Amino acid sequence: MSVVAMAWAWERKCGSPSAKLILMSLADFSNQDGECFPSVTLLAKLTEQSASTVRRRLQELENDGLIERREQYRENGSRTVDLIRLLMTQQGGGGGPRRQKPVDLGPVNLEGPALPECEGPPVTGEQGALSAVTRPEPSSEPSSESSPQPPGGGVDFEMEQDPEFDRFRERWGEHAKGGSWRRALSAWQMLPAADRTDAMSRLPRYLEDCRTRQRKVCHPRTYLTERRWESYAEAPVRARAPQDGITAAVHLARRAEDRTGWVFVPADSPGWQAWHQAFIHVGVPFCAARMTYVELPEGGFTQLMGRHFPSATPPAYIRVAR
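Heads up: take any position in the sequence shown, counting from 1, add 1056, and you land on the working numbering.
Right under this line is the structure:
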């Protein structure tokens, strides 16, 4: 804890009690240079505020010129907690003018002029007494030699980032407006490495398909949790006859206007999986399930997830099924 930082923080006006409490906590963690590395989770726990409130207050303090934050990274490129520096050399927060630092002028004669060995200007009387009993305050100027090093391990999950996920995010471009990227990051980290690679490589095909068919682009979290990339697998290398039974059935299922006599196939049923494999076989996106009214054999209707297809299973189902 830095006494200078605590004294400085007490004099600042932060605009709200919660922001003041955050600033005091930062001062309590700071070294003599006003630098510290507390995580959002730790500040939220100590101040009994939510993590989102702590992040807002930190942004307010930074906007008011009271603190500055710098991103910190480990040797492997992953992000760790930010360095937070109290801007004690500035007048942010309206706390009034700062006190001038006392200057130690060396030995003085309380009864008359300063002693000859003193290099400063002559000091007499009351000034000499004040200088003799006052100790200089520690400097609040940042020092590059004594700056602390960031912690080696991740303290707060919310502050960490994945470089591979950053590249995934960049590929979305303007398509991923709004929503929570933190939720998308959570979904990304739950995927195996092979699925991440597939999700990344097939993303351009998904975006192009949405553009061509004028469909709304889903949020990245939905793309990951619903495994949307699986419908955009690479077409098999070996050539197939363009009008084989599977290809013809898939094109019919995608483009037919007259669907009289089609069969409803429930989602996740064996027939649904067979049609899914047929779409992959042809190399086209598989259609998503939707809530549909289905007539019951005994009469009446019910709602089920699935879609109508030309038949219960595609041609050559056994040959293409897993």
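For every residue, glycine included, the Cβ atom is placed at its ideal position computed from N, Cα and C.
Only a predicted model underlies this, so the values are computations on that prediction, with no experimental measurement involved.
Is DSSP giving R1271 helix, strand or coil here? R1271: coil per DSSP, three-state reduction.
Measure the C-alpha to C-alpha separation of S1086 and A1345 and round it to an integer number of angstroms. 55 Å
Which partner residues of E1091 appear in the DSSP bridge assignment? DSSP lists R1141 as partners of E1091.
With distance defined between alpha-carbon atoms, name the residue in T1268, D1300, R1277, S1074 nearest to A1255. R1277
Taking Cβ to Cβ, would you say L1077 is nearer than 8 Å to R1068? no
Reduced DSSP category for R1130 - H, G, I as helix; E, B as strand; rest coil: coil
From this set, T1281, L1102, A1309, A1061, which residue's C-alpha is nearest F1365's C-alpha? A1309
Under the DSSP definition of a beta bridge, which residues are partnered with M1347? Looking at the DSSP assignment, M1347 forms a beta bridge with M1361.
Which one of L1102, A1083, R1135, A1075 has the shortest CA to CA distance from V1059? For V1059, the nearest C-alpha among the options comes from A1083.
So, is S1187 buried or exposed, given that buried needs 16 or more other C-beta atoms within 10 angstroms? The predicted position of S1187 is uncertain, since its pLDDT is 44 and thus under 50; no value can be drawn from it.
If you run the structure through DSSP and keep just helix, strand and coil, what is F1085? helix
In terms of DSSP beta bridges, what is I1123 paired with? L1142
Same chain, Cβ closer than 6 Å to M1062, five either side skipped, listed in chain order: So the qualifying residues of the chain are A1083.
Within 10 angstroms of the Cβ of M1144, are there 16 or more other Cβ atoms? Answer buried if so, exposed if not. buried
Quick one: measure Cβ to Cβ for R1141 and E1091, integer angstroms, because I've assumed they're closer than 8 Å. 5 Å
Does DSSP put V1340 in a helix, a strand or coil? coil
Assigned exposure category for D1138 - 16 Cβ within 10 Å defines buried: buried
From S1106, H1307, Q1270, pick the residue whose C-alpha is nearest to that of G1339; which is it? Residue H1307 is the option with its Cα nearest to G1339.
To the nearest angstrom, report how far apart R1239 and R1283 are at their CA atoms. 15 Å
Please report the residue range of the alpha helix (DSSP H) in which P1219 lies. 1219 to 1228
Cβ neighbour criterion (16 or more within 10 Å) applied to D1120: Buried.
Thinking C-alpha only, which one of C1070, Q1245, P1260, L1247 is nearest R1227? P1260
Which of helix, strand or coil DSSP assigns to R1135: strand
C-beta atoms of A1075 and L1117 nearer than 8 Å: Contact: yes.
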